[in-house]
Amino acid sequence: MNLHSARASVAMLRMMGCANGRSARLLHSDCVVDEKTVVLQKKENEGFGFVLRGAKAQTPIEEFTPTPAFPALQYLESVDEGGVAWRAGLRMGDFLIEVNGQNVVKVGHRQVVNMIRQGGN
């Protein structure tokens with residue numbers, strides 16, 4: 001039995017629905033946003049089950065201004081159905097706003113990935 005595991009706490013924003021069925025990016029003022037924090041707990045030999053996409057800068061991007069349509073630099077491009085992230089409630093298109101208690105709205109891709117990996121128990 002494998003007793004080693006990894007854990008990450010992730011706060012996310014999800015665009016729930018927009019007027020006229022339009023994209024949140026096209027009509028942000030009429031979109032409903034859902035915000036929640038989930039804890040991802042995985043075994044040592046499995047992944048968190050998502051693909052993270054976003055800005056790949058080495059340092060925080062201070063010029064970035066969050067908007068209702070684009071609230072953070074990092075988002076989930078895909079989530080493996082039935083995987084750790086899926087079971088925790090994360091879905092494709094969710095924006096990451098916090099990882100392990102630290103704000104990541106303006107943080108580059110590599111740093112966010114490292115923060116998730118270093119979640120610990």
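Using UniProt numbering, you'd call the opening residue of the sequence shown number 1 and step up by one each time. Ideal Cβ placement from N, Cα and C applies to all residues, glycine included. What you are looking at is a predicted structure, and each value in this text was computed from that prediction instead of being measured.
- Shown here, Arg7 sits in a strand according to DSSP, grouped into three states.
- In this chain, the beta strand (DSSP E) harbouring Ile97 covers 95-99.
- DSSP, reduced to helix, strand and coil, places Arg53 within a strand of the structure shown.
- When the beta-carbon positions are compared, Arg53 and Glu35 stay at least 8 Å from each other.
- Distance from Arg117 to Lys56 at the Cβ level is roughly 16 Å; contact not present, criterion being Cβ atoms closer than 8 Å.
- With 16 or more other Cβ atoms from the protein chains shown falling within 10 Å of its own Cβ, Gly49 counts as buried.
- Residue pairing by DSSP places Leu13 opposite Glu35, Phe95 in a beta bridge.
- In the three-state scheme derived from DSSP, where H, G and I count as helix and E and B as strand, Asn103 is classed as strand.
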